[in-house]
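Quick notes on the structure that follows.
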């Protein structure tokens, strides 16, 4: 591996990402933090965010230690797992948590500095917010790629079985998938817990503050306003970062595992197939850094100019990776280099199409959201009906884009030969790597959103001048667009990554059978083939993985059901946590009338505490569902059942995630469109209906929808990690 010059693009990208993340962070700290009042408000948000993280990480530490002990028992006691599993599991969780911590520290400090910069210049405030978001983006990709590279270097240096080629490298790559288990579990807690936290605070603030008391958003008299601002960071910085960290690592590990398996009989090509995704990812980090420097704007820029400046950086990075990846694949000398390049392009284009489709469905600049806003004149019922219809219709383009992108990636990588399953599935994994290759800058645009939102809240609470609010409103409006696009991107990348992980599952099953001493795979008619040389088609035949097998069909229904039950659990969790928040806000208004007059300060800390405890308590049940369903399915229905479960969960979870996210986004932006003065403006009947729609949509777009990304990936990872248990102890 070390002898391939192209391999060094990966560590070079990691180093560049770390260096520029540190530089951007230090540059942010040097900016003016504003007045004493601005710093006091910002301090409330920062302390609340870090208190939440500390509480979550304490719970996560306990969970991870218990599971690591369980995995150690399975590995060293029952010998049904790799002995590296406990360490890789802990490493995945640790570095995902570290990325979230870095992002949270940066975002909570950057928002007050963005507001301070907005007192003088729109361009300066955009620079502070976006480069602070880039700290999160670069931290995620650098830590993710760095750990994958470190594992391969360690394994090929110190694992005797990995020093050879063929089966040795298959062992290394499939074992590395265990790293994804830790990242996935941490992402689930971050996404679900963060989503419950932010929406409990948001719903509580809106229901009592806006609807009952008629006070504006981000009003310092609202006791839940600080918890609401903290929630933006908890959900959209730490949660989104953990989600995409998981997708990023999962796509790299799955691509390496599928590449090693596809060319296990060709040692020279096998090594190149492992290096290719790492090199593309390293190149993507380097080009993402270049793209960050292209995001600038002029003073007085409007919404279109601001969006154009962000798009310029992202599109430039994407265009450069398209050109540069072709050179990398040819320099590496991989077989069918143009076909693999086509898979990279298919992944990038799919990500862009999904993002643009999400923007069209949820932006107030387009017809779907404006139609929802128009329906608000008829009341809450028509608003809700219109939003549901918009969300359902909005699934068409993203689903078709992922379907077409998957087929194109498969066909390009397989040389348009449907019988070349191994090479085709490797192409699908490479497409996922391609989609996520510019994650450094695309995640920067996502993390920018809550920074700009908090900056606007700080400016409102500190009663800064109208020109400052105009600038922060422009940044916040841009942040709403990037947040919606980012959710679509996260969903699309989750679908491709989960598909690649499902394909990797068979390779792990093969490894576990070999570990148990099996040498032959029995097929129909009593025929058998050597296990080490069996194709994917052979495994499908051996386990009877067809839709005519009732076990597979039943498991597909269970997988689809799991997506809906999981969503219902997270939505109800928000409802229960929000009810506690509503009661607390009402209590404070009732017991201290001076709060509404502005004579006394609300107890912000109590609302932060309620959201924190509610989120930690409510996220346990969904997490247990995500982990236990694939384990029990494997024990009861065997390998065929697990494959059916994962396929059903992916299909239903992907479509449901798009629907929930886009319906909620349409309601949210319809409310903002009304507040701009359309259909009667603020305090009108249409506005009240739009606020109800937004309140209903909040847990859909920020909790249930994004959490489904984690569910489809986590079920695949759990199935992979527990493959040894399934092979050894399943009833069927």
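Numbering (the working numbering), first residue to last: 4 to 735.
Virtual Cβ for every residue (Gly too), placed ideally from N, Cα, C.
So for residue i, helix, strand or coil by DSSP?
i	result
residue 372	helix
residue 138	helix
residue 223	coil
residue 367	coil
residue 266	coil
residue 419	coil
residue 716	helix
residue 1	Absent from the model: residue 1. The displayed extent of the chain is 4 to 735, so no value can be given.
residue 181	coil
residue 466	coil
residue 150	helix
residue 301	coil
residue 36	coil
residue 3	The requested residue 3 does not occur in the structure, where the chain is confined to residues 4 to 735.
residue 84	coil
residue 7	coil
residue 350	helix
residue 548	coil
residue 288	helix
residue 316	helix
residue 734	coil
residue 337	coil
residue 162	coil
residue 398	coil
By DSSP's criteria, residue i is part of a beta bridge. Which residues make up the other side?
i	result
residue 176	Its beta-bridge partners do not exist; DSSP assigns none.
residue 531	525
Would a C-beta distance cut-off of 7 Å place residue i and residue j closer than the cut-off?
i	j	result
residue 59	residue 196	yes
residue 103	residue 193	yes
residue 442	residue 251	yes
residue 629	residue 714	yes
residue 300	residue 491	no
residue 330	residue 415	no
residue 118	residue 461	yes
residue 562	residue 651	yes
residue 524	residue 541	yes
residue 109	residue 143	no
residue 294	residue 320	yes
residue 723	residue 508	yes
residue 324	residue 290	yes
residue 489	residue 449	yes
residue 45	residue 115	yes
residue 795	residue 672	Since the first residue shown for the chain is 4 and the last is 735, residue 795 is missing from the structure and cannot be characterised.
residue 401	residue 436	no
residue 187	residue 716	yes
residue 261	residue 429	yes
residue 390	residue 405	no
Can you tell me whether residue i sits near the ligand FMN, meaning its C-beta is under 6 Å from at least one heavy atom of the ligand?
i	result
residue 157	For the structure depicted, the ligand FMN is absent and the ligand set is empty, with no information on it obtainable.
Any chance you could list the beta strand (DSSP E) runs of at least 3 consecutive residues sitting entirely within the segment 560 to 619, in chain order? none
Mind the definition here: the segment 211 to 218 touches the segment 441 to 459 only if three or more C-beta pairs lie below 8 Å; say whether that holds. no
Contact between the segment 142 to 162 and the segment 13 to 28 (3+ Cβ pairs under 8 Å): yes
List in chain order: all unbroken beta strand (DSSP E) runs of 3+ residues lying wholly within the segment 468 to 527. 523 to 525
For the pair the segment 214 to 228 and the segment 615 to 630, tell me if three or more CB-CB distances fall below 8 Å. no
Specify whether the segment 695 to 710 and the segment 168 to 187 touch according to this definition: at least 3 beta carbon pairs, one from each stretch, less than 8 Å apart. no
Is there contact here, the segment 22 to 35 with the segment 111 to 123, by at least three beta-carbon pairs under 8 Å? yes
Evaluate the contact criterion for the segment 494 to 513 versus the segment 253 to 262: three or more CB pairs, one atom per stretch, below 8 Å. yes
Would the segment 633 to 652 and the segment 221 to 240 be scored as touching if the rule is three or more Cβ pairs under 8 Å? no
Any 3 or more C-beta pairs closer than 8 Å across the segment 197 to 204 and the segment 574 to 590: yes
Give the list of continuous alpha helix (DSSP H) stretches no shorter than 4 residues that lie fully inside the segment 667 to 727. 688 to 702, 708 to 724
Three or more C-beta pairs below 8 Å linking the segment 284 to 304 and the segment 124 to 138: yes
Is there contact between the segment 274 to 282 and the segment 330 to 337, where contact requires at least three CB pairs shorter than 8 Å? yes
Does the segment 657 to 674 touch the segment 388 to 400, meaning 3 or more C-beta pairs lie closer than 8 Å? yes
Contact between the segment 533 to 550 and the segment 509 to 524: three or more CB pairs below 8 Å? yes
Quick check: the segment 402 to 418 against the segment 348 to 366, are at least 3 beta-carbon pairs closer than 8 Å? yes
Is there contact between the segment 593 to 613 and the segment 543 to 559, where contact requires at least three CB pairs shorter than 8 Å? no
Please determine if the segment 681 to 700 and the segment 728 to 735 are in contact, where contact requires at least 3 C-beta pairs separated by less than 8 Å. no
Contiguous alpha helix (DSSP H) assignments of at least 4 residues, all confined to the segment 78 to 128: 88 to 120
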